[in-house]
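*Asks:* The following block contains the structure, expressed as structure tokens.
Residue numbers (the working numbering): 29 to 157.
Here you go:
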């Protein structure tokens, strides 16, 4: 049995807010995320999804982006834009996924970098370092 004197109370200053109709825990205003989790999870998820779509198309499961979009239940324009993430430079993909380096551009802008040279992609995504 525990006595009242043995109880430890921990107070964590968090706020609850609703986002998209669901409660979301908001960290304190002075919170700084750790270095190993600096990457936006939306970018990681989008890259994984794009590679899955690329593999399915290369395997011949879908002949066109329109067929793929209908199968996954998303707009063709959205699928087409996000599929470009599978064609980013290998160094950029490695630094985003394995190195968990933070991107200097948004996910939307990242989708349009596949047409640039690999060096330009790295400079735009991680800044001029």
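Heads up, the beta-carbon is just placed ideally off N, CA and C, and yes, glycines get one too.
On a predicted model such as this, the values are computed, not experimentally measured, just so you know.
1) Can you tell me where the alpha helix (DSSP H) holding residue 138 begins and where it ends?
2) Please classify residue 149: is it buried, with 16 or more other beta-carbons within 10 angstroms of its beta-carbon, or exposed?
3) Rank 106, 41, 104 by C-alpha distance to the C-alpha of residue 57 and give the top, closest one.
4) Going by DSSP, what residues sit across from residue 72 in a beta bridge?
5) Pull up the distance between the alpha-carbon of residue 88 and that of residue 147, whole angstroms please.
6) Just the Cα atoms here: how many angstroms apart are residue 52 and residue 75?
*Replies:* Straight from the coordinates:
1) Here residue 138 refers to the residue found at position 110 when the chain shown is read from its first residue. In the DSSP assignment, residue 138 falls within the alpha helix (DSSP H) that extends over 135-138.
2) Sequence index remark: in the chain shown, residue 149 carries index 121 (1-based). The residue in question, residue 149, is buried, as its Cβ has 16 or more Cβ neighbours within 10 Å.
3) Start at 1 with the first residue of the chain shown, and residue 57 comes out as number 29. Nearest option by C-alpha distance: 41.
4) Mapped onto the chain shown, residue 72 falls at position 44. Answer is none; residue 72 lacks a bridge partner.
5) Your numbering for residue 88 matches position 60 in the chain shown. Your numbering for residue 147 matches position 119 in the chain shown. In this model, residue 88 and residue 147 are separated by some 31 Å (Cα to Cα).
6) If you number the chain shown from 1, residue 52 lands on position 24. If you number the chain shown from 1, residue 75 lands on position 47. Cα to Cα, the separation comes out at about 25 Å.
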